[in-house]
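Chains as they are written, first to last, in the numbering used here: chain A, -6 to 469; chain B, 53 to 521; chain C, 2 to 90.
Down below is the structure, laid out as structure tokens.
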């Protein structure tokens, strides 16, 4: 096989090839590193780590010696710039953390490394994972893999574009309100937000603790499933993790797909509606059954999300104070100045906005009306979704309201950016899994994603449905 | 004008756990700066708290000591404020769902001092203020160590009541193994909320909060000072400012801690990293079983069950060590009043003025001596000589008694001779013994004692009677 | 909707530059107006999240998995401590 085709191969093909000594991990890593350099103008990759060749060589040697190696032996995996890998820089794409070196590794990095993966590069993102375009970053806006004038989506834009361009076979992103699914949709790749608690958050810089989840962005559904099964599992360093069963395949023969009544009008009004409708028709022919379900408060999810997540973020980001590990304002003379100047100079505009928003909804006099209400709504939404999933195996929506928008198009108007999260936020708020797979191209020829939401723990079902559908409608 | 004094307390005690409350770092005092720190207790990005079960259990134990009801559902919350000793810029504490609710302590006067709650929280790090040039040093060794906060209702009206209450709290926490309460190490801290109102008035006055009270004495002094200070202001028609005041023990006065321009707003909300904790009835039962009897209950038992005077009971329960020692002795030799006398009169004077003392004689050896005295093998004066000797040499009392010739032992042979003499001289004794032995045993023992000046061993005599008669 | 920007800056330890205040406040109010729909919903007061039984919490055992240099990224350090400007209490 020509070496130029490593970027066309799946994660499992690469792993198999390396293990069988058909290819060397080192040549694969070199191939991707060179490609990263060639595609630098997309601003998807912040840095390829400098020890990757050495690591790849040692895996190759291990295999040559006939030693047992892990499931991802020699496969390069890129990680979003908010995931800690001991000894490597990690900045959350923020000026405030520009020089930070991770003093410990995240659980997911440990899991990847224990399967002998090569932690390959860190990917661009919106600062502290706040944003939907990967424009809020000190490394320059990340460009869409299909159109350089358009956004990558975000906040895991770098991870999605890297995979779409074939700069790495898999990249880990994080999703708080759609930050994996939306850029995956914009760049024609597969992204999943697993059930809350599936993947440990230990060693991932927190944005909103109660909705943050990390997971892989891949080119195929099977790769997504394969890598997620490696990342998943209960972790003694994260109390909110759960046991999840990725070994057992779904045995269902026929699936019932739900269409949410409350979203019907919104979806009909989208420019991409004809594509969505065509997908539904196609699925009906594929012998999926369809049923209308109701999640009465689903349209309130967005408001709920923009109360709860800023509240948690305001508290989570208070630790960045110029004392322990961020940069400190050069002009700070007093303790108060260390706090205020360092934070005002260090954090970007959007991050500051969310911190202030969070402190507003938590502050005395507003707490009951906003935060407590949002928390109650979150509980209600969980119940409403649970009831809807009594009637169907998954709920189908577009992942995003449309194709990737133009760079600079929404960055000036934060609310218009927030509205991008309309379809992704409900699953985040409710802690349920949601999978985005590419299914069509929009009016500008850019990819569109279809979102499958399922009940808590139903990842296997979602993968199975999506595979059946992908096989019928859209191949990569 | 005359005033009613209204005082409420917030007492912090460091829990006796091996590890911190949200990470597995050592919970110890006096390590090198930041030696006992990890990503969690330094609030590193990406680090997450993992709650320590034992810390929760000790908090429940504290609740059981003071009659609190234990919540079935407890939630850790974040208290948000910036300060360099607070690594995450929030303290994990409890607000809406604390572990223990209510409870109280009855003072000697019979007055009940109610508790509002006892909750679990983390301690902050230590700041050392060096100089303007160097700055302030931050050490997070203490950061994340577990504390309980005992919050009382404003039921106190005098410094004496506060003093008695604090001593009872400290005693119970130490007794139950919850906390060491070493005040000099900051192991127990007390904040005092105090206000005055015109005598008989129902309306509460403005209160101040006093901090930095590092000993029982300073609590009393600070309360007395603050009452006087507020009285003087009110008498002159002035107003009390709601503020935090720092007690300066050396100067014997308190000073306002720079009032913040902005009102504090801690923005409490449930910590999303820590799941709520469910505490079952069986959890509480299990913890109850692990609890030692508390001083108050022990006092009652000593009076009611052992028949000791209140005075004895109070002294014996003044420390857990002494009451454990006493109870072990009673198990060995069931004569509580005698043991109490020995401990109170003869042992405690040996350890006078010492703090963490240990009696210089084991419970077994002490009981052996008491037994010898009680059985009149030796008299009390000789018993005290023996006690002294046991302490000095560490040898067993029985061994020493022989070595020192404290007991003039009448040999078995001598007793046998005496018994045989009696048998041959007094036929009626043999006849009576054959019919109803228990009626004449006393007489025979008495006979032997009379002829040995009471130095024969009564048990030995009894066993030999069986042989001879 | 009126916002006490000064108080929010105080709580957040942030300072919005004077030239940006107006735009910031306008955007902020727009977002608040959007999320305001939630205040009008009729929802149950109490919510109880899923709890973990006491018995499943971490045992009290010292565990140093991997030594970690917690001062690695300190902007200023001395004698094993983080350093701030002199704190006046």
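Don't be surprised by glycine CBs; every beta carbon is placed ideally from N, CA and C.
- The beta carbons of residue 445/A and residue 276/A sit no closer together than 7 Å.
- The three-state reading of DSSP puts residue 130/B in strand, counting E and B together.
- Assignment of alpha helix (DSSP H) within the segment 133 to 174 of chain A, counting only whole runs of 4 or more residues, yields 150 to 158 in chain order.
- Beta-bridge pairing by DSSP links residue 429/A to 184/A, 444/A.
- When DSSP states are grouped into helix, strand and coil, residue 228/A belongs to the strand group.
- If you draw a straight line from the Cα of residue 425/A to the Cα of residue 194/B, it is about 39 Å long.
- Note that the C-beta distance between residue 190/A and residue 234/A is below 7 Å.
- The residues 159, in chain order, have a CB closer than 6 Å to that of residue 216/B in the same chain once the five nearest residues on each side in sequence are set aside.
- Note that the C-beta distance between residue 328/A and residue 88/C is below 7 Å.
- If you compare the alpha carbons of 81/B, 58/B, 62/B with that of residue 68/B, the shortest gap goes to 81/B.
- Taking 7 Å as the cut-off, the Cβ atoms of residue 83/B and residue 92/B do not count as close.
- Spanning the alpha carbons of residue 192/A and residue 71/A requires a straight line of approximately 17 Å.
- In chain order, 201, 203, 204, 364, 367, 368, 371, 422 place their CB closer than 8 Å to the CB of residue 301/A, counting only its own chain and leaving out the 5 sequence neighbours on each side.
- Residue environment for residue 433/B: exposed (fewer than 16 other C-beta atoms within 10 angstroms of its C-beta).
- Those residues of the segment 158 to 173 of chain B placed with their C-beta closer than 8 Å to a C-beta in chain C do not exist.
- Here residue 144/B is bridged, per DSSP, to 130/B.
- Interface annotation, residue 20/A: not in contact with chain B, CB-CB separation never under 7 Å.
- Counting only Cβ-Cβ distances below 7 Å, residue 73/C has contacts in chain A at 94, 96, in chain order.
- According to the DSSP secondary-structure assignment, residue 53/C is paired through a beta bridge with 329/B.
- In terms of beta-carbon proximity, residue 344/A stays away from the interface with chain C, with every pair separated by 7 Å or more.
- Under the Cβ criterion (8 Å, minimum of three pairs), the segment 175 to 185 of chain A counts as touching the segment 150 to 164 of chain A.
- At a Cβ-Cβ threshold of 7 Å, residue 61/B and residue 242/B count as neighbours.
- Contacts with chain B at 7 Å (Cβ-Cβ) do not include residue 42/C.
- In this structure, the beta-carbon distance from residue 65/B to residue 240/B falls below 7 Å.
- Between residue 109/B and residue 144/B the beta-carbon gap is near 17 Å, outside 8 Å, which marks them as no contact.
- With contacts defined by Cβ atoms closer than 7 Å, residue 197/B and residue 61/C do not form a contacting pair.
- Residue 116/A has its alpha-carbon roughly 7 Å from the corresponding atom of residue 40/A.
- In the displayed model, residue 204/A falls within coil according to three-state DSSP, outside both helix and strand.
- Note that the C-beta distance between residue 139/B and residue 95/B is below 7 Å.
- Contact residues of the segment 229 to 263 of chain B toward chain A are absent (C-beta to C-beta distance below 8 Å).
- When beta bridges are read from the DSSP output, residue 113/A appears opposite no residue.
- Sixteen is the threshold: since fewer than 16 other Cβ atoms of the shown chains lie within 10 Å of the Cβ of residue 469/B, the residue is exposed.
- Taken through DSSP and simplified to helix, strand or coil, residue 60/B comes out as strand.
- By alpha-carbon distance to residue 44/C, the top candidate from 293/A, 129/A, 48/A, 320/A is 293/A.
- In the structure shown, the three-state DSSP call for residue 321/A is coil.
- For residue 291/A, the secondary structure class from DSSP, reduced to helix, strand or coil, is helix.
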